[in-house]
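*Asks:* In this note's numbering, the protein residues as written are 107 to 390.
The C-beta atom is built at its ideal place from N, Cα and C for all residues, glycine as well.
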């Protein structure tokens with residue numbers, strides 16, 4: 107029997123399920139819009155995920171599921187997923203498994219994408235990477251020394267909910283001036299003028315990751331980074347910071363960033379890596 111896995115990347119805007127073969131090569135994909143639990147209920151999300159799994163399933167033995175929010179990977183429980191409308195703990199792994207009939211491993215979506223980016227970039231086992239996702243929301247995932255870093259309670263990388271400004275705009279998390287409220291896809295959808303702030307937010311996020319963890323590479327991904335203009339503005343903003351600070355010039359912020367092509371299914375790949383416990387994708 108041929109071994110295959112399905113990786114599902116659940117974002118604030120879309121669900122992408124990809125079936126991978128034993129060599130982790132994509133074999134089939136299914137994509138559709140993400141329901142909102144606050145508006146349609148958790149069952150709508152579970153049903154949507156299960157439908158996409160069935161669309162690509164050809165005898166898959168397990169499903170890796172990447173979702174926003176705080177994730178208890180041992181229990182498959184998701185909480186504080188504001189971009190999905192989930193504000194109470196939900197046993198998502200158990201609910202999806204009941205629909206698809208195979209084991210389901212749940213991982214934070216950006217953590218999963220970080221694992222996918224680490225493998226895609228073919229970094230060495232001793233390398234470190236921060237993956238900054240700028241899509242509907244903003245978050246980061248960290249792979250340090252080839253291993254995923256989730257933090258003490260599974261909440262590492264929620265940098266979109268670190269306030270940048272002491273004044274507005276209000277954030278969905280209840281704070282004011284968060285990076286996600288300033289320059290994410292949702293912020294731009296609510297106020298087109300916010301598009302001018304996206305590059306500043308991403309440059310801030312890159313500096314935060316490098317100054318905090320001194321990672322070798324900061325990989326950029328997510329819908330907002332598909333714009334060449336935004337990426338060019340990020341590089342320019344980082345270069346300006348380096349020109350104004352010998353310390354930042356020595357660190358080399360701008361030279362550490364790379365953009366992952368949008369056609370690489372990082373989240374789905376990383377969800378399978380977390381499920382399978384592969385090297386350069388091993389979890390803590």
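On the three-state DSSP scale, how would you describe residue 388?
*Replies:* As a position in the chain shown, residue 388 is number 282, starting the count at 1. Here residue 388 scores only 41 on pLDDT, less than 50, and its place in the model should not be relied on; the value that follows carries that caveat. Strand.
*Asks:* So that I know if they touch, is there some Cβ in chain D lying closer than 8 Å to that of residue 223?
*Replies:* No chain D is part of this structure, which consists of one protein chain only.
*Asks:* Does the distance from the C-beta atom of residue 167 to that of residue 111 stay below 8 Å?
*Replies:* By one-based count along the chain shown, residue 167 stands at place 61. By one-based count along the chain shown, residue 111 stands at place 5. Going by C-beta atoms, residue 167 is nearer than 8 Å to residue 111.
*Asks:* Would you check if there are 3 or more beta carbon pairs closer than 8 Å linking the region 210 to 226 to the region 173 to 182?
*Replies:* The region 210 to 226 is in contact with the region 173 to 182.
*Asks:* For a test of the three-state rule: what should DSSP assign to residue 291, helix, strand or coil?
*Replies:* By one-based count along the chain shown, residue 291 stands at place 185. Here residue 291 sits in helix by DSSP.
*Asks:* Specify, as a first and last residue, the run of the alpha helix (DSSP H) that residue 339 falls within.
*Replies:* Indexing the chain shown from 1 puts residue 339 at position 233. Residue 339 -> alpha helix (DSSP H) spans 334 to 350.
*Asks:* Mind checking which residues open and close the alpha helix (DSSP H) that includes residue 161?
*Replies:* The residue given as residue 161 occupies position 55 in the chain shown. It spans 148 to 162 - the alpha helix (DSSP H) in which residue 161 sits, taken as one unbroken run.
*Asks:* What residue range does the alpha helix (DSSP H) around residue 203 cover?
*Replies:* By one-based count along the chain shown, residue 203 stands at place 97. Element bounds for residue 203: 198 to 206.
*Asks:* Between residue 121 and residue 172, is the Cβ-Cβ spacing less than 8 Å?
*Replies:* Taking the first residue of the chain shown as 1, we reach residue 121 at position 15. Taking the first residue of the chain shown as 1, we reach residue 172 at position 66. No.
*Asks:* Using the beta-carbon count (16 or more within 10 Å), is residue 310 buried or exposed?
*Replies:* The sequence position of residue 310 within the chain shown is 204, counting from 1. It is buried - the Cβ of residue 310 has at least 16 other Cβ atoms within 10 Å.
*Asks:* How long is the line joining the alpha carbons of residue 270 and residue 169, rounded to whole angstroms?
*Replies:* Position 164 of the chain shown holds residue 270. Position 63 of the chain shown holds residue 169. Near 37 Å, if we compare the C-alpha coordinates of residue 169 and residue 270.
*Asks:* In whole angstroms, give me the CA-to-CA distance for residue 157 and residue 141.
*Replies:* As a working mapping, residue 157 is identified with position 51 in the chain shown. As a working mapping, residue 141 is identified with position 35 in the chain shown. Going by the C-alpha atoms only, they are around 12 Å apart.
*Asks:* Return the Cβ separation of residue 126 and residue 117 in integer angstroms, given the expectation that the two are a contact with Cβ distance under 8 Å.
*Replies:* For the purposes of this step, residue 126 is taken as the residue at position 20 of the chain shown. For the purposes of this step, residue 117 is taken as the residue at position 11 of the chain shown. The pair is not a contact, with the Cβ atoms about 19 Å apart (cut-off 8 Å).
*Asks:* When the Cβ atoms of the region 231 to 247 are set against those of the region 262 to 280, are three or more pairs found closer than 8 Å?
*Replies:* They touch, by the three-pair rule.
*Asks:* Relative to the alpha-carbon of residue 354, which residue among 288, 185, 231 and 320 has its alpha-carbon at the smallest distance?
*Replies:* What you label residue 354 is simply residue 248 of the chain shown in a count that begins at 1. Among 288, 185, 231 and 320, the Cα nearest to that of residue 354 belongs to 320.
*Asks:* Please return the same chain residues whose Cβ sits closer than 8 Å to the Cβ of residue 284, not counting the five positions on each side in sequence.
*Replies:* The residue you call residue 284 lines up with position 178 of the chain shown. Taken in chain order, the residues that qualify are 266, 267, 268, 269, 270 and 277.
*Asks:* Taking its Cβ as the centre, do 16 or more other Cβ atoms sit within 10 Å of residue 194, making it buried, or is it exposed?
*Replies:* Looking up residue 194 in the chain shown gives position 88. Exposed: under 16 other Cβ atoms inside 10 Å.
*Asks:* Assuming residue 152 contacts residue 201 under a Cβ cut-off of 8 Å, what Cβ separation, rounded to an integer in Å, is found between them?
*Replies:* Numbered from its first residue, the chain shown carries residue 152 at position 46. Numbered from its first residue, the chain shown carries residue 201 at position 95. Their Cβ separation, rounded to whole angstroms, is 5 Å, which keeps residue 152 and residue 201 in contact under 8 Å.
*Asks:* Span of the alpha helix (DSSP H) holding residue 273?
*Replies:* What you label residue 273 is simply residue 167 of the chain shown in a count that begins at 1. From DSSP, residue 273 is part of no alpha helix (DSSP H); its letter is neither H nor E.
*Asks:* To the nearest angstrom, how far is it from the Cα of residue 366 to the Cα of residue 223?
*Replies:* Within the chain shown, the letter at position 260 stands for residue 366. Within the chain shown, the letter at position 117 stands for residue 223. Near 7 Å, if we compare the C-alpha coordinates of residue 223 and residue 366.
*Asks:* Does the ligand COA have a heavy atom nearer than 7 Å to the CB of residue 194?
*Replies:* Because no ligand of any kind appears in the structure shown, any question about the ligand COA cannot be addressed here.
*Asks:* Report the rounded CA-to-CA distance for residue 287 versus residue 314, giving the unit in angstroms.
*Replies:* To locate residue 287, count along the chain shown from 1; it is residue 181. To locate residue 314, count along the chain shown from 1; it is residue 208. Distance between the alpha carbons of residue 287 and residue 314 is about 17 Å.
*Asks:* Tell me which residue opens and which closes the alpha helix (DSSP H) that residue 250 is part of.
*Replies:* In the chain shown, residue 250 corresponds to position 144, counting from 1. Careful: residue 250 lies outside any alpha helix (DSSP H), inside the beta strand (DSSP E) at 244 to 250.
*Asks:* CB residue 192 to CB residue 245, shorter than 8 Å?
*Replies:* Along the chain shown, one-based indexing puts residue 192 at 86. Along the chain shown, one-based indexing puts residue 245 at 139. No; because the gap between Cβ atoms is not below 8 Å, this pair is not in contact.
*Asks:* Could you tell me if residue 330 is buried or exposed, where buried requires 16 or more neighbouring beta carbons within 10 angstroms of its beta carbon?
*Replies:* Sequence index remark: in the chain shown, residue 330 carries index 224 (1-based). Label assigned to residue 330: buried.
*Asks:* Between the Cα of residue 291 and those of 357, 318 and 328, spot the shortest distance and give me the residue it belongs to.
*Replies:* The sequence position of residue 291 within the chain shown is 185, counting from 1. Nearest of 357, 318 and 328 to residue 291, Cα basis: 328.
*Asks:* Going by C-alpha to C-alpha distance, which of 147, 188 and 253 sits closest to residue 279?
*Replies:* Numbered from its first residue, the chain shown carries residue 279 at position 173. The residue with the shortest Cα to Cα distance from residue 279 is 188.
*Asks:* Residue range of the alpha helix (DSSP H) that residue 280 falls in?
*Replies:* Within the chain shown, the letter at position 174 stands for residue 280. Here residue 280 belongs to no alpha helix (DSSP H), and DSSP marks it neither H nor E.
*Asks:* Which class does residue 306 belong to by DSSP, given the choice of helix, strand or coil?
*Replies:* For the purposes of this step, residue 306 is taken as residue 200 along the chain shown, with counting starting at 1. In this structure, residue 306 counts as helix in the three-state DSSP scheme.
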